[in-house]
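Peer 1:
Right, dumping it as structure tokens:
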């Protein structure tokens, strides 16, 4: 039996879910990003108690199939952009479709219907968040960041960055440096 949780993003959340299952005497096979696989069926009472305990912790147990699918899509995108060393070299649509074993058109239509934005817009937002992180770490040049995130050019990354943040990547980086200098001057 599988259960789906709305967006577990930290090890703390993973441990919290495992602890709640243990308190209820529920054996789980695995707890991954957004997914819990249980060893056995659980009673309606256990499920409701588990749901209530998760809600108290700020997590949500998902029931609706479309919402579950959207959360899976979001998890694949977050994993693809934030947790892999390099964004996969294959087409985003092929990667997501292959990971979730669904036709991309179906995934795209479902995502847009539920979220009100396209999968591509969601990917761009996360790529820009990742670019911001990498700029703040100050370990890679803008060219290296563009390459790492599979942008066709630095100009393409810069245009999307400015469209999303309202700032050029170089100005964003300068702001960080100014803040650090101001902190040092205190």
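Residue numbers (this note's numbering): 25 to 210. Yeah, the Cβ is synthetic: ideal placement off N, Cα and C, and Gly gets one too.
#1: Return the bridge partner residues of residue 52 from the DSSP annotation.
#2: With DSSP run on the structure shown, which of helix, strand or coil describes residue 31?
#3: Given a cut-off of 8 Å on the beta-carbon distance, is the pair residue 135 and residue 102 in contact?
#4: Start and end of the beta strand (DSSP E) containing residue 84?
#5: Does the distance from the CB of residue 130 to the CB of residue 120 come in under 8 Å?
#6: Please report the distance separating the alpha-carbon of residue 60 from that of residue 202.
#7: Does DSSP put residue 176 in a helix, in a strand, or in coil?
#8: Using 10 angstroms around the beta-carbon of residue 199, count the other beta-carbons present and answer buried if the total reaches 16, otherwise exposed.
#9: Taking contact to mean at least 3 C-beta pairs separated by less than 8 Å, is the region 136-146 in contact with the region 175-184?
#10: Whole angstroms are fine: how far does the CA of residue 68 sit from the CA of residue 113?
#11: Nearest-angstrom Cα distance between residue 48 and residue 151?
#12: Whose CA, out of 195, 96 and 81, lies closest to the CA of residue 5?
#13: Report, in whole angstroms, the separation of the C-beta atoms of residue 169 and residue 158, which I expect to be a contact under 8 Å.
#14: Going by DSSP in three states, residue 169 sits in which element: helix, strand or coil?
#15: Would you identify the three-state DSSP class for residue 113, choosing helix, strand or coil?
#16: Within 8 Å (strictly less), CB to CB, does residue 178 reach chain C?
#17: Output needed for residue 142: all residues of its chain with C-beta closer than 6 Å, excluding positions within five of it in sequence on either side, in chain order.
Peer 2: This is what the structure holds:
#1: 62
#2: Note that residue 31 scores 49 on pLDDT, short of 50, meaning its location in the model is unreliable and no value can be drawn from it.
#3: No, these two residues do not count as a Cβ contact at 8 Å.
#4: 84-86
#5: no
#6: 44 Å
#7: coil
#8: exposed
#9: As far as the Cβ criterion goes, the region 136-146 does not touch the region 175-184, which means the pair count is below three.
#10: 44 Å
#11: Going from the Cα of residue 48 to the Cα of residue 151 covers about 39 Å.
#12: This structure does not reach residue 5, given that the chain is present from 25 up to 210, and the question cannot be answered.
#13: Indeed they touch by this definition, with Cβ atoms about 5 Å apart.
#14: helix
#15: coil
#16: Any reference to chain C falls outside this structure, which holds one protein chain only.
#17: 136
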